[in-house]
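full-length UniProt numbering puts the first residue of the sequence shown at 1, with every later residue one more than the last. Beta carbons: idealized from backbone N, C-alpha and C, even for Gly. Since the model is a prediction, treat every value here as computed from it, not as a measurement. Some notes on the structure that comes next.
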Amino acid sequence: MAELKLSESRDLTRIERVGAHSHIRGLGLDSSLEPRAVSDGMVGQTAARKAAGVILQMIKDGKIAGRAVLLAGQPGTGKTAIAMGMAKSLGLETPFAMIAASEIFSLEMSKTEALTQAFRKAIGVRIKEEAEVIEGEVVEVQIDRPAVSGAAAKTGKLTLKTTEMETVYDLGAKMIEALGKEKVSSGDVIAIDKASGKITKLGRSFSRSRDFDAMGPQVKFVQCPDGELQKRKEVVHCVTLHEIDVINSRTQGFLALFTGDTGEIRAEVREQIDTKVAEWREEGKAEIVPGVLFIDEVHMLDIECFSFLNRALENDMAPILVVATNRGITTIRGTNYKSPHGIPIDLLDRLLIISTQPYTEDEIRKILDIRCQEEDVDMSEGAKCLLTKIGVETSLRYAIHLITAAALACQKQKGKTVELDDINRVYNLFLDVKRSTQYLMEYQSQYMFNETGEADEDEANAMVS
Ligand SMILES: Nc1ncnc2c1ncn2[C@@H]1O[C@H](COP(=O)(O)OP(=O)(O)OP(=O)(O)O)[C@@H](O)[C@H]1O
Ligand SMILES: [Mg+2]
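Okay, structure coming up:
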């Protein structure tokens with residue numbers, strides 16, 4: 001890669017469900033890390049985005065271990081959104097592990113084990129391997145089916161060629177199955193890994209480019225390979241340390257990765273793996289790719305976890321830690337002491353703090369525009385203005401949530417474009433926090449457990465500037 005592109009984003013398929021952050025496709029920075037006003041689904045919050053970009057650069061360089069960043073700001077100012085943007089701008093190869101702090105409290109696993117697993121999910125290992133492959137253009141696949149099914153295994157022949165040679169290979173049942181699965185036909189250029197028998201389709205040969213009309217534009221055309229059919233090739237696998245841990249700690253192996261039922265992993269297993277990886281690094285077979293661990297709602301961690309983090313960050317294989325919180329000065333969980341953001345001072349001292357600011361009316365308008373597009377909702381100019389006003393008066397989240405509701409109300413009225421009336425209707429149908437509280441104040445005697453005058457502790461702790 002000649003030039004570092006930070007806002008390079010991954011392709012999003014349209015099949016994905018529209019989630020709270022699905023409009024975020026990156027951080028929206030240009031190559032000199034300057035934030036564009038509206039880009040990659042991101043609006044405003046320029047200082048924080050720029051700071052996140054600098055951190056991202058640090059991650060991409062991969063040299064610095066164990067740095068930590070705190071995203072702090074009021075609810076709904078885009079902390080989680082910025083973290084998602086960071087995740088999207090990192091390449092597929094850099095691991096990004098994301099957890100909410102409350103996830104680590106479970107009966108199955110100790111808190112520190114859960115945190116260790118999260119840390120190791122954020123450290124990638126690039127393993128280089130020399131593999132023997134057979135690479136060529138398929139001339140012919142010929143499969144003999146026995147007359148009576150099941151009487152004998154299928155056999156067949158595969159003819160492969162390069163620009164210089166042509167060879168016929170005998171096929172067993174397994175290879176026939178693999179060829180069928182990949183839908184290999186003559187004219188394809190394929191690679192077969194000799195050790196595992198895995199078949200990869202590299203594309204169609206250029207000599208078959210006249211098939212183009214029949215195959216459509218998604219087919220990739222490649223040159224027929226030259227030289228010998230058998231080659232040595234360098235293959236690169238990217239796995240995380242956590243994946244290596246799981247595979248080695250279980251008798252049933254990698255299946256635990258899918259069920260998530262990994263249990264606690266013994267320290268000896270981890271030690272062995274660390275030594276092995278260190279050996280590979282020395283031999284030049286493997287490289288460590290430090291990624292990002294994002295812990296959302298970090299004030300939910302308790303004092304033990306915080307001191308664990310202090311230590312874990314000092315490991316030279318540590319990933320970059322990004323944490324987010326919306327708390328002000330509040331008690332540290334597990335103690336009676338108060339601290340800014342509910343994080344002990346010694347950890348705070350190790351954090352670079354990025355603060356997010358509330359949005360202006362104009363920015364709210366732009367975010368709502370983007371969300372309307374994302375949710376495929378047509379909205380009239382007036383309705384958007386009203387929704388922006390609502391966003392300013394109540395909260396950005398409430399306004400975002402009204403979009404879909406208003407679109408449904410509009411559909412009910414057989415309308416195509418969401419109008420002022422639809423917004424009005426849903427505004428009266430669904431209360432925002434302010435109106436709901438007002439309602440509670442008026443009718444509190446009719447509810448259970450009401451405590452007059454005293455605000456909820458959590459409410460009071462949420463950061464309000
Ligand atoms: N700068 C932005 N550009 C585009 N969309 C944004 C931006 N900031 C926030 N959003 C969207 O607004 C909504 C609320 O933001 P988000 O969830 O990131 O807030 P938060 O700071 O994490 O709040 P909390 O402290 O409550 O967790 C999300 O749907 C998010 O995608
Ligand atoms: Mg959040």
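Helix, strand or coil at residue i according to DSSP, with G and I counted as helix
i, result
"Lys157", "strand"
"Cys238", "strand"
"Tyr359", "coil"
"Tyr337", "coil"
"Asp369", "helix"
"Glu113", "helix"
"Leu107", "coil"
"Gly382", "helix"
"Val219", "coil"
"Arg350", "coil"
"Lys183", "coil"
"Lys128", "strand"
"Thr167", "strand"
"Leu4", "The pLDDT assigned to Leu4 is 42, lower than 50, so where the model puts this residue is not dependable, and the model offers no usable value."
"Val426", "helix"
"Leu92", "coil"
For residue i, the residue or residues it bridges with in DSSP
i, result
"Ile295", "Ile99, Val323"
"Ile265", "According to DSSP, Ile265 bridges with nothing at all."
"Glu287", "Arg126"
Residue i, buried or exposed, once every other Cβ within 10 Å from all chains shown has been counted against 16
i, result
"Val168", "exposed"
"Val236", "exposed"
"Gly19", "exposed"
"Asn326", "buried"
"Leu92", "exposed"
"Asp245", "buried"
"Asp30", "exposed"
"Gln444", "exposed"
"Phe294", "buried"
"Ile400", "buried"
"Lys79", "buried"
"Leu115", "buried"
Under 8 angstroms between C-beta atoms of residue i and residue j
i, j, result
"Glu363", "Gly44", "yes"
"Val219", "Arg232", "no"
"Thr394", "Asp432", "yes"
"Pro340", "Ile332", "no"
"Asp226", "Thr162", "yes"
"residue 466", "Ala101", "As displayed, the chain neither begins before 1 nor continues past 465, which places residue 466 out of reach and without an answer."
"Leu90", "Val277", "no"
"Leu368", "Lys384", "yes"
- Neighbouring residues (CB closer than 5 angstroms to any heavy atom of ligand 4): The ligand content of the structure shown is limited to ligand 1 and ligand 2, which means ligand 4 is not among them.
- Item | Cβ contact check for the segment 59-79 and the segment 353-360: 3 or more pairs under 8 angstroms | yes
- If we count Cβ pairs, one from each stretch, closer than 8 angstroms, do we get three or more for the segment 131-138 versus the segment 185-205? yes
- Message: For the structure I just gave you, are there three or more beta carbon pairs, one from the segment 405-414 and one from the segment 422-436, closer than 8 angstroms?
- Response: yes
- Task: Give a yes or no on contact between the segment 382-390 and the segment 55-71, applying the rule of three or more CB pairs nearer than 8 angstroms.
- Result: no
- contact_flag[the segment 103-119, the segment 39-56] where n(CB pairs < 8 angstroms) is 3 or more: no
- Query: Is the segment 301-320 in contact with the segment 113-124, if contact means three or more CB pairs nearer than 8 angstroms?
  - Reply: yes
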